[in-house]
Amino acid sequence: MLSSIVSAQDSPAALFSWLDADLALSLPPTWSVTTSSEPMQIRAEDGERRLTVTVLPETTTTASYYNVLFALVVEAGLAPQSWTQPNWFGRSGGRIDANRGVGMIGRLPDDRVIAVVCGCTAAQLDDLVASVHFSASALAENGRIYPDTPVQGTLTADRTEESWLYSGMAGEVITIAAVDLARPSPTALGLDMEIVLYAPDGSELARNDDHGGLDLYGVYDAQIRDLTLPDPGDYRIVVRSVQNTTGTYTLGVSAPRPIA
Numbered sequence: 025m026l027s028s029i030v031s032a033q034d035s036p037a038a039l040f041s042w043l044d045a046d047l048a049l050s051l052p053p054t055w056s057v058t059t060s061s062e063p064m065q066i067r068a069e070d071g072e073r074r075l076t077v078t079v080l081p082e083t084t085t086t087a088s089y090y091n092v093l094f095a096l097v098v099e100a101g102l103a104p105q106s107w108t109q110p111n112w113f114g115r116s117g118g119r120i121d122a123n124r125g126v127g128m129i130g131r132l133p134d135d136r137v138i139a140v141v142c143g144c145t146a147a148q149l150d151d152l153v154a155s156v157h158f159s160a161s162a163l164a165e166n167g168r169i170y171p172d173t174p175v176q177g178t179l180t181a182d183r184t185e186e187s188w189l190y191s192g193m194a195g196e197v198i199t200i201a202a203v204d205l206a207r208p209s210p211t212a213l214g215l216d217m218e219i220v221l222y223a224p225d226g227s228e229l230a231r232n233d234d235h236g237g238l239d240l241y242g243v244y245d246a247q248i249r250d251l252t253l254p255d256p257g258d259y260r261i262v263v264r265s266v267q268n269t270t271g272t273y274t275l276g277v278s279a280p281r282p283i284a
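Have a look at this one:
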């Protein structure tokens, strides 16, 4: 499944997010292409049109990758706004020009960050971005999960994350919880896990690690509370190990539904 490509019709810049993806870039043969390794960058040019794709290294810190992204935006002649955390569920993101905040800074599973900057007119943007694709990597699919019907899965050193599908309805309010029932005490590490929810189009909707509430027994359990689903379709719930912990988890979705 291809993850969604963020469109920025009113701006000659687009920042992309992706879902467990590898980057693939295809360009017409007339374009000249140069690459660099630090940072990992592809620069493609065809006359006045220019496309820069930068993937920052796994060890990049927040401060330094913002500097690189800022430089790319300035180089393209755009007006960067203040870095914010508007709706990226705790992940720092930035609004660019008149982009309405829909194009955000994203991360790959290895914690890399990508910025895509198009140096061209807004009318040419769609043709350029159509050449950038994100192909999702294989992920262990455990099957479907249904409302108020808990399921179990196991995370190991070789299987650090698992995926479940949930058939959601537009406007439905759900709560997702992942717990380690074998945890001997609320503060025992046991299985530390993170849950991430992806929309039917592949975009990330929410994530949580260490819920911080009073509903669950262990402090390392995870919960996404009272989230309203925007569209009908299959939502993907990923349960991911944190701190290299392993063990069996119980995953549940609470969603009141009308009686048919």
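The sequence shown begins at 25 in the numbering used here and counts up by one.
The beta carbon of each residue, even a glycine, is placed where N, CA and C say it ideally should be.
Every value quoted in this text rests on a predicted model; they were computed, and no experiment measured them.
In this structure, P256 keeps its C-beta atom at 8 angstroms or more from the C-beta atom of M217. Under the three-state reduction of DSSP, E196 is assigned to coil, being neither helix nor strand. In terms of CA proximity to G242, A206 leads the group I169, V220, T173 and A206. For T269, the CB contacts under 6 angstroms within the same chain, skipping 5 residues up- and downstream, are L215 and D216 in chain order. Ranked by Cα distance from V263, the first of D250, E228, G177 and L253 is G177. DSSP lists V57 and L75 as the bridge partner or partners of A68. Residue pairing for G167: DSSP places it in no beta bridge.
Around the beta carbon of Q267, fewer than 16 other beta carbons lie within 10 angstroms, which makes this residue exposed. For Q267, the three-state secondary structure derived from DSSP is coil.
Assignment of Y259 by DSSP, reduced to helix, strand and coil, places it in the strand class. Setting aside the 5 residues that flank it on each side, V220 is surrounded in the same chain by R231 and V262, each with a C-beta closer than 6 angstroms to its C-beta; the list follows chain order. Within 10 angstroms of the beta-carbon of A68 lie 16 or more other beta-carbons, which makes it buried. Going by DSSP, D250 is part of the beta strand (DSSP E) stretching over A246 to T252.
In the structure shown, the three-state DSSP call for T178 is strand. The Cβ neighbour count for R168, taken over all protein chains shown within 10 Å, is under 16; the residue is labelled exposed.
The beta carbons of V277 and P208 sit no closer together than 8 angstroms.
When the five nearest sequence neighbours on each side are left out, the beta carbons in the same chain lying within less than 6 angstroms of the beta carbon of W55 are those of A68 and D70, in order along the chain.
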